[in-house]
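K.L.:
What follows is a single structure, and I will ask about it in a moment.
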Amino acid sequence: MKHSLKAFFIVLFASISFAGFGQWAKVSSGTTQNLWQICYISKDTALVFGSQKTLLKTTDGGKTWDSLNTANFIIGALARVGKHTFIVSTTDYGVLNRSDDGANTWKKITYSVNIASAFTLLYFVSGAKGYAADNQMF
Numbered sequence: 439m440k441h442s443l444k445a446f447f448i449v450l451f452a453s454i455s456f457a458g459f460g461q462w463a464k465v466s467s468g469t470t471q472n473l474w475q476i477c478y479i480s481k482d483t484a485l486v487f488g489s490q491k492t493l494l495k496t497t498d499g500g501k502t503w504d505s506l507n508t509a510n511f512i513i514g515a516l517a518r519v520g521k522h523t524f525i526v527s528t529t530d531y532g533v534l535n536r537s538d539d540g541a542n543t544w545k546k547i548t549y550s551v552n553i554a555s556a557f558t559l560l561y562f563v564s565g566a567k568g569y570a571a572d573n574q575m576f
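For the numbering used here, add 438 to where a residue sits in the sequence shown, where the first one is 1.
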């Protein structure tokens with residue numbers, strides 16, 4: 439009885455999970471490059487970056503993707519800071535770039551910390567305060 443009740447709840451949970459939420463569907467991004475991170479802006483709009491300076495944007499829930507200019511840098515991490523503001527780290531050690539126009543143009547951010555590796559994780563709590571990490575072990 440105990441095992442059949444447990445199996446019932448597993449089947450019930452699986453049924454509710456699959457029936458109550460959206461399903462995954464494979465979509466084409468239009469690129470053959472590896473894609474590494476996605477950043478949602480709304481239910482229909484998102485940015486995704488990947489290898490070889492790939493930066494893509496969708497405004498229709500992933501049905502179509504437009505290539506954006508990365509101004510000749512390779513993105514290491516991406517963070518949304520505001521409605522149309524993004525910050526990316528590059529594969530150059532400690533270099534950050536900021537876009538205030540929805541990732542269409544980029545400007546290098548200057549700061550006074552000496553960094554010995556590239557950031558692989560960005561998290562911002564506001565437009566002026568954020569955290570960055572790399573994959574180096576101490």
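Idealized CB from N, CA, C, for every residue including glycine. All values derive from a computational prediction rather than experimental measurement.
What do you get for N535, buried or exposed, if any count of 16 or more other CB atoms within 10 angstroms of its CB means buried?
P.N.:
That one is buried.
K.L.:
How big is the Cα-Cα spacing for S505 and T483?
P.N.:
Looking at the two C-alpha atoms, the distance is approximately 14 Å.
K.L.:
In whole angstroms, give me the CA-to-CA distance for T548 and K501.
P.N.:
Whole-angstrom Cα-Cα distance: 36 Å.
K.L.:
How long is the line joining the alpha carbons of W503 and V486, rounded to whole angstroms?
P.N.:
Taking the straight line from one Cα to the other gives about 9 Å.
K.L.:
Measure the C-alpha to C-alpha separation of C477 and Y569 and round it to an integer number of angstroms.
P.N.:
About 17 Å.
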